[in-house]
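Enquirer: Numbered according to my numbering, the sequence shown spans residues 4 to 234.
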Amino acid sequence: MSHSPIDYDFPPLDAASPEGLLAIGGDLCPDRILSAYRKGIFPWFSGDQPILWWSPNPRAVLLPSKIRISRSLKKNIRNRGFRITTDQAFVDVVKECAKDREQQKGTWITREMRDAYTALHSRGHAHSVETWQNGELVGGLYGIAIGKAFFGESMFARVTDSSKTALVGLSTLLTTWEYHFIDCQVRSSHLDSLGAKCIPRNQFSKMLEKAIVVPVAPHHWTHSKAGSELL
4 MSHSPIDYDF PPLDAASPEG LLAIGGDLCP DRILSAYRKG IFPWFSGDQP ILWWSPNPRA
64 VLLPSKIRIS RSLKKNIRNR GFRITTDQAF VDVVKECAKD REQQKGTWIT REMRDAYTAL
124 HSRGHAHSVE TWQNGELVGG LYGIAIGKAF FGESMFARVT DSSKTALVGL STLLTTWEYH
184 FIDCQVRSSH LDSLGAKCIP RNQFSKMLEK AIVVPVAPHH WTHSKAGSEL L
C-alpha cells in the first residue's frame with residue numbers, strides 16, 4: 004500500500020528575496036526536506052545561522068546527457084585509474100564535503116545537516132557517488148533523488164579532477180536511467196565548465212513537476228558501479 008508524501012507549507016517561490024532566500028526556521032526532518040525539494044526549495048545555512056530555505060532565480064541545472072567532458076579531463080580520467088561507485092561510502096563522502104576548504108572560515112554542512120542527509124540516505128532518498136584510486140576514496144559527491152530529478156548538494160576532491168570524475172560518472176548513470184536533470188542550485192565556474200546552464204525559476208519549476216512524478220527502480224543505486232570505460 005503506497006502512501007502520499009507528506010507536504011509541508013512554504014511561501015510561494017516568487018516571495019523569495021533577490022538572492023533566493025524564501026523562508027527561515029523549521030527543522031530538518033526528512034519529510035520536510037523532501038517536501039522542500041519537491042517544490043524547488045533547499046536548506047543552506049552556516050552553523051551560526053537559523054535554518055534558511057532557498058529557491059534562487061535563475062537556477063543552475065545540468066542535463067546528464069549534455070555534460071561537457073574536455074579532452075584533458077577525459078585523459079585524466081583514463082590515466083589516473085579512477086573507479087566509480089554509488090552508495091558505497093555515503094557517510095565518508097559527506098564528511099569530506101563538510102571539511103573546511105582552504106581559505107574558508109567554515110562550512111554550511113553542519114552536524115545537523117550531516118545527520119539529516121544521513122537519515123535521508125538510510126531511507127533511500129540521498130545518494131553518493133564515490134571516486135576511488137588504488138582503493139582510496141579520493142573524490143565524490145552526494146545529493147537527493149526524487150523521481151527522475153537529482154539534486155546535487157556538494158562534492159569534494161583529494162586529487163585533481165576526482166570530483167569532476169564523480170559528476171561525469173553520475174551523469175553517465177543518470178543518462179542510462181533517463182533522469183531529466185541534475186539540479187546544481189547556483190551557478191559556479193566549476194559547473195559551467197562541465198556544461199551547467201542557468202534557467203529561470205519558473206522554467207525549473209515546470210521541469211521539476213514533470214520529473215518528480217516519474218517512477219524509478221530503487222535498486223539502481225545499490226547495484227550500480229561505473230568504471231572508466233563508461234566515461
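Every residue, glycine too, gets a C-beta built ideally from N, C-alpha and C.
Assign Ser182 to one of three DSSP states: helix, strand, or coil.
Expert: Locating residue 182 in the sequence shown gives position 179, counting from the first residue. Looking at the sequence itself, residue 182 is Tyr, so the reference to Ser does not match. Tyr182: coil per DSSP, three-state reduction.
Enquirer: Per the contact definition of three or more C-beta pairs closer than 8 Å, is the segment 148-167 in contact with the segment 185-203?
Expert: yes
Enquirer: Given Pro53, which residues of its chain have a CB within under 8 Å of its CB, disregarding the five upstream and five downstream residues?
Expert: Looking up residue 53 in the sequence shown gives position 50. Excluding positions up to five away in sequence, the list reads Ile27, Gly28.
Enquirer: Measure the Cβ-Cβ separation of His130 and Trp180 and say whether it is below 8 Å.
Expert: Residue mapping note: residue 130 aligns to position 127 of the sequence shown, counting from 1. Residue mapping note: residue 180 aligns to position 177 of the sequence shown, counting from 1. Cβ atoms of His130 and Trp180: not closer than 8 Å.
Enquirer: Ignoring anything shorter than 3 residues or poking outside the segment 97-143, list the beta strand (DSSP E) runs there in chain order.
Expert: 129-136
Enquirer: How far does the beta strand (DSSP E) with Phe159 in it extend, from its first residue to its last?
Expert: Walking along the sequence shown from the start, residue 159 turns up at place 156. It spans 152-160 - the beta strand (DSSP E) in which Phe159 sits, taken as one unbroken run.
Enquirer: The alpha helix (DSSP H) with Lys200 in it runs from where to where?
Expert: What you label residue 200 is simply residue 197 of the sequence shown in a count that begins at 1. Counting along the chain, Lys200 falls outside any alpha helix (DSSP H), though it belongs to the beta strand (DSSP E) covering 200-202.
Enquirer: What did DSSP end up calling Gln188 once you bin it into helix, strand or coil?
Expert: Indexing the sequence shown from 1 puts residue 188 at position 185. Gln188: strand per DSSP, three-state reduction.
Enquirer: Alpha carbon to alpha carbon, how far is Ala19 from Val64?
Expert: Numbered from 1 along the sequence shown, position 16 holds the residue referred to as residue 19. Numbered from 1 along the sequence shown, position 61 holds the residue referred to as residue 64. Whole-angstrom Cα-Cα distance: 19 Å.
Enquirer: Provide the residue span of the alpha helix (DSSP H) that contains Arg74, from first to last.
Expert: Residue mapping note: residue 74 aligns to position 71 of the sequence shown, counting from 1. Run containing Arg74: 74-82, per the alpha helix (DSSP H) assignment.
Enquirer: How far does the alpha helix (DSSP H) with Leu239 in it reach, from first residue to last?
Expert: Any property of residue 239 remains undetermined from this structure, which presents the chain solely from 4 to 234.
Enquirer: Could you check the C-alpha separation between Met158 and Ser7 for me, to the nearest Å?
Expert: Residue 158 sits at position 155 when you count from the first residue of the sequence shown. Residue 7 sits at position 4 when you count from the first residue of the sequence shown. Spanning the two alpha carbons is a distance of roughly 31 Å.
Enquirer: Sort Ala122, Pro61, Ile36, Asn60 by Cα distance to Tyr11 and report the nearest one.
Expert: Taking the first residue of the sequence shown as position 1, residue 11 is located at position 8. If you compare the alpha carbons of Ala122, Pro61, Ile36, Asn60 with that of Tyr11, the shortest gap goes to Ile36.
Enquirer: Quick check on the burial criterion: 16 or more other C-beta atoms within 10 angstroms. Buried or exposed for Glu232?
Expert: The residue given as residue 232 occupies position 229 in the sequence shown. Legend: pLDDT at Glu232 = 45, less than 50; position of this residue unreliable, no value from coordinates given.
Enquirer: Measure the beta-carbon distance from Gly127 to Ala169 and round it to whole angstroms, keeping in mind my assumption that it falls under 8 Å.
Expert: Here residue 127 refers to the residue found at position 124 when the sequence shown is read from its first residue. Here residue 169 refers to the residue found at position 166 when the sequence shown is read from its first residue. Contact doesn't hold; Cβ gap of about 20 Å is too wide.
Enquirer: For the segment 113-124 against the segment 33-49, do three or more pairs of beta-carbon atoms, one drawn from each stretch, fall closer than 8 Å, so that the two count as touching?
Expert: yes
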